[in-house]
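Peer 1: The working numbering puts the first residue of the sequence shown at 553, with every later residue one more than the last. A virtual CB, placed ideally from N, CA and C, is assigned to each residue, including glycine. On a predicted model such as this, the values are computed, not experimentally measured, just so you know. This is the structure I want to talk about, given as structure tokens.
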Amino acid sequence: MTGTYFVRRVGYGLITLFVVMTFNFIIFRIMPGDPVSLILNPEFSPEVRQLLREMYGLDQPLLTQYFLYLKSLLAFDFGHSFYSRRPVLDELMARLPNTLMLLGTAFALNVVIGVALGIKMAARAGSRLDTGVTGVSLFLNAMPPFFIGLLLLLAFGYYWPIFPVRGTMSVPPPTGQWAILLDRIHHLVLPVTAVTLSGFGSWYLYTRNNVLGALGQDFVLTARAKGLTHREILYRHAFRSVLPPIVTLVFLSLPGVITGAVITETIFSLYGVGRYLIDATLQQDYPVVQGCFYIIALAVIICNFLADLVYGLVDPRIRLR
């Protein structure tokens with residue numbers, strides 16, 4: 553049964569990936585405009601235009617382009633950017649560490665702070681502390697992330713110039729491994745704080761409401777009647793019962809760590825994947841956008857698959873059948 557379920561889930565994931573890849577190919581072929589005309593001087597000769605079309609494979613029949621496209625994506629060969637002329641994969645790998653440092657740190661802080669506060673405030677529902685924390689969370693959750701980032705820049709980059717306002721490293725960069733590490737952390741404090749403040753509220757509210765609902769269930773009343781401690785009831789029964797949907801949110805949010813925070817990276821002038829993707833979209837740089845969409849789709853499918861496997865670990869009531 554386990555092997556059949558595993559094979560079926562892998563099959564569903566491959567079918568989904570194939571459909572996404574196909575639509576990814578079709579959408580950019582039916583869009584108006586010629587990609588080559590976007591990067592050429594109008595005075596270039598027809599021979600030069602034809603050479604560029606051959607370089608990017610645009611002179612091939614559509615079906616041939618499609619099979620070459622599938623072969624290239626499966627090999628993680630995304631071609632060359634129309635604008636930088638560099639391999640798309642190299643461009644992505646150069647930007648990915650900055651995005652992972654920013655959103656990976658912010659994601660971990662969002663989950664830890666939001667879930668921990670949600671559990672604590674669910675146990676103290678109705679208190680002044682619960683009202684205050686919930687109010688602040690609702691306020692921050694309603695604020696646009698770019699507005700929080702601009703406020704932080706204004707406060708701690710202009711009026712009190714404690715942190716740098718742009719980039720991921722000082723120019724010229726410091727010397728020494730520890731000096732470089734501390735300099736990068738110094739540059740990431742404001743953007744990480746902006747993403748964390750704008751994101752932890754949703755995790756807090758979701759966890760608090762679900763744990764609060766679980767505390768009113770019959771199995772919790774039974775646990776209280778058995779004389780279990782408040783901590784055991786809160787963590788081993790109430791929180792454990794709502795853990796599967798939280799796990800779902802964690803895994804569904806993980807692809808966002810790769811795709812980047814477009815607005816945050818733009819405000820703080822970070823050399824990241826999100827800003828690269830939005831710039832490529834505005835410039836109609838098809839190889840870049842196709843490569844980014846493929847990685848996003850692959851990350852979502854893998855995270856969904858991992859979430860299914862983890863379900864049985866976090867909740868014994870879940871069975872494969």
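By DSSP, does G565 sit in helix, in strand, or in coil?
Peer 2: Position 13 of the sequence shown holds residue 565. Residue state, collapsed to three classes: helix.
Peer 1: How far does the alpha helix (DSSP H) with L801 in it extend, from its first residue to its last?
Peer 2: Taking the first residue of the sequence shown as 1, we reach residue 801 at position 249. Counting along the chain, the alpha helix (DSSP H) containing L801 begins and ends at L795 to S805.
Peer 1: Is M553 buried or exposed, if buried means 16 or more other CB atoms sit within 10 Å of its CB?
Peer 2: For this step, residue 553 is matched to residue 1 along the sequence shown. Reliability fails at M553, whose pLDDT of 49 lies under 50, so the model's placement of it is uncertain and the value that follows must be treated cautiously. M553 should be labelled exposed.
Peer 1: What distance in whole Å lies between the Cβ atoms of L740 and L654, which are believed to be in contact at a cut-off of 8 Å?
Peer 2: Residue numbering aside, residue 654 sits at position 102 when the sequence shown is read from its first letter. Residue numbering aside, residue 740 sits at position 188 when the sequence shown is read from its first letter. Between L740 and L654 the Cβ distance is about 6 Å, and since that is below 8 Å, they are a contact.
Peer 1: Assign Y564 to one of two classes, buried (16 or more other C-beta atoms within 10 Å of its C-beta) or exposed (fewer than that).
Peer 2: Position 12 of the sequence shown, counted from the start, is the residue given in the question as residue 564. Label assigned to Y564: exposed.
Peer 1: With a Cβ-Cβ cutoff of 7 Å, do A859 and P807 count as a contact?
Peer 2: Sequence index remark: in the sequence shown, residue 859 carries index 307 (1-based). Sequence index remark: in the sequence shown, residue 807 carries index 255 (1-based). Result no, Cβ atoms of A859 and P807 do not sit closer than 7 Å.
Peer 1: Tell me, to the nearest whole angstrom, how far the beta carbon of G824 is from that of T651; I am working on the premise that it is less than 8 Å.
Peer 2: Taking the first residue of the sequence shown as position 1, residue 824 is located at position 272. Taking the first residue of the sequence shown as position 1, residue 651 is located at position 99. At roughly 4 Å, the Cβ-Cβ gap stays under 8 Å, so G824 and T651 are in contact.
Peer 1: Does the segment 777-787 touch the segment 825-835, meaning 3 or more C-beta pairs lie closer than 8 Å?
Peer 2: No, because fewer than three Cβ pairs between the segment 825-835 and the segment 777-787 fall closer than 8 Å, the two stretches do not touch.
Peer 1: List the endpoints of the continuous alpha helix (DSSP H) containing T720.
Peer 2: The residue labelled residue 720 in the question sits at position 168 within the sequence shown. Element bounds for T720: n/a, residue is neither H nor E.
Peer 1: Where do the ends of the alpha helix (DSSP H) carrying G631 lie?
Peer 2: Residue numbering aside, residue 631 sits at position 79 when the sequence shown is read from its first letter. Careful: G631 lies outside any alpha helix (DSSP H) and carries neither H nor E.
Peer 1: Would you give the residue range spanned by the alpha helix (DSSP H) that G670 belongs to?
Peer 2: In the sequence shown, the residue the question calls residue 670 occupies position 118. Residues T657 to A675.
Peer 1: If I measure Cβ to Cβ from R561 and keep anything under 8 Å in the same chain, skipping five residues before and after, which residues do I get?
Peer 2: Within the sequence shown, numbered from 1, the residue matching residue 561 stands at position 9. Here the set comprises F857 and D860.
Peer 1: Can you confirm whether the segment 689-708 touches the segment 740-758 when touching is taken to mean that 3 or more C-beta pairs between the two stretches lie within less than 8 Å?
Peer 2: Judged by Cβ distances under 8 Å, the segment 740-758 makes contact with the segment 689-708, as three or more pairs qualify.
Peer 1: Kindly list the residues whose CB is nearer than 8 Å to the CB of T800, restricted to its own chain and excluding five residues on each side of it in sequence; keep chain order.
Peer 2: In the sequence shown, residue 800 corresponds to position 248, counting from 1. Answer for T800: A859, listed in chain order.
Peer 1: Do the segment 754-763 and the segment 662-671 touch if we need at least three Cβ pairs shorter than 8 Å?
Peer 2: Because the criterion of three Cβ pairs below 8 Å is met, the segment 754-763 and the segment 662-671 touch.
Peer 1: Please state whether DSSP places P697 in a helix, a strand or coil.
Peer 2: Here residue 697 is taken as the residue at index 145 of the sequence shown, counted from 1. In the structure shown, P697 sits in a helix (DSSP, three-state: H, G or I).
Peer 1: Which of helix, strand or coil does DSSP assign to P839?
Peer 2: On the sequence shown, position 287 is the one that residue 839 refers to. Here P839 sits in helix by DSSP.
Peer 1: Quick one: what's got a C-beta closer than 8 Å to L692's C-beta in the same chain, skipping five residues either side?
Peer 2: One-based indexing of the sequence shown puts residue 692 at position 140. Answer for L692: I700, L749, S750, F752 and G753, listed in chain order.
Peer 1: Give me the Cα-Cα distance between I582 and P598, rounded to the nearest whole angstrom.
Peer 2: By 1-based counting over the sequence shown, the position of residue 582 is 30. By 1-based counting over the sequence shown, the position of residue 598 is 46. Taking the straight line joining both Cα atoms gives about 23 Å.
Peer 1: Can we say the segment 786-797 touches the segment 761-776, given the rule of at least three CB pairs closer than 8 Å?
Peer 2: Because the criterion of three Cβ pairs below 8 Å is met, the segment 786-797 and the segment 761-776 touch.
Peer 1: In this structure, how does DSSP classify P724 when only helix, strand and coil are distinguished?
Peer 2: Translated into the one-based positions of the sequence shown, residue 724 becomes position 172. The answer is coil: DSSP assigns P724 none of H, G, I, E or B.
Peer 1: Pop quiz: V802 and V663 are said to be a contact at Cβ under 8 Å. What is the actual Cβ separation, rounded to whole angstroms?
Peer 2: Residue 802 sits at position 250 when you count from the first residue of the sequence shown. Residue 663 sits at position 111 when you count from the first residue of the sequence shown. So it is a contact: roughly 6 Å between Cβ atoms.
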